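In the numbering used here, the protein residues as written are 6 to 154.
Each residue gets a CB set at the ideal place from its N, CA and C atoms; glycine is no exception.
This structure is a prediction, so every number in the text was calculated from the model and none was measured.
Notes to accompany the following structure.
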């Protein structure tokens, strides 16, 4: 059993990557005259993604092994494409490492002055793609996230 028990009804892995995709879209609508707000939103949601990845890490049961937190939804069944996410021990470590790197990168990027909006939107989109690459179990979905990253 993991160190904590997470509800199986919550799509934890989807929340991890959506926690950065949603604010990247939100940042598009923040005026360029508000760079401080962009920094706060970007860094805040980088922290949220770190916390979510740590929750997944703490909820992972190493005694069971294999893929856990699996989320499956038929996407384009005619082509055999599905929305399939899951983590094993290696992708779990990469998930947490990505969370640490993005949060640290967000803190170190606090002083970006030029093209602040573009920087934060693209940073969050890049990290969304990297998270998706680590958790996708479907080749087409992997390709979509890989291209985003």
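{"Item": "Residues near residue 155 in its chain [Cβ-Cβ closer than 7 Å; skip 5 each side]", "Value": "The structure shown does not extend to residue 155, since the chain is modelled only from 6 through 154, so no value can be given for it."}
{"Item": "Of the residues 138, 78, 131, 120, the one placed nearest residue 97, counting alpha carbons only", "Value": "138"}
{"Item": "For residue 76, the residue or residues it bridges with in DSSP", "Value": "90"}
{"Item": "CB of residue 95 within 8 Å of CB of residue 132, strictly", "Value": "no"}
{"Item": "DSSP beta-bridge partners of residue 141", "Value": "90"}
{"Item": "Same chain, Cβ closer than 6 Å to residue 9, five either side skipped, listed in chain order", "Value": "63, 64"}
{"Item": "Residue 45 - DSSP class collapsed to helix/strand/coil", "Value": "helix"}
{"Item": "Status (buried if at least 16 other CB within 10 Å, exposed otherwise) for residue 77", "Value": "exposed"}
{"Item": "Neighbour-count burial assignment, residue 156, 16 or more Cβ in a 10 Å radius", "Value": "The question about residue 156 has no answer, for the chain in this structure spans 6 to 154."}
{"Item": "Per-residue burial, residue 115 [other beta carbons within 10 Å of its own, 16 or more giving buried]", "Value": "exposed"}
{"Item": "Residue 140 and residue 92 closer than 8 Å at C-beta", "Value": "yes"}
{"Item": "Proximity below 8 Å, CB of residue 32 to CB of residue 46", "Value": "yes"}
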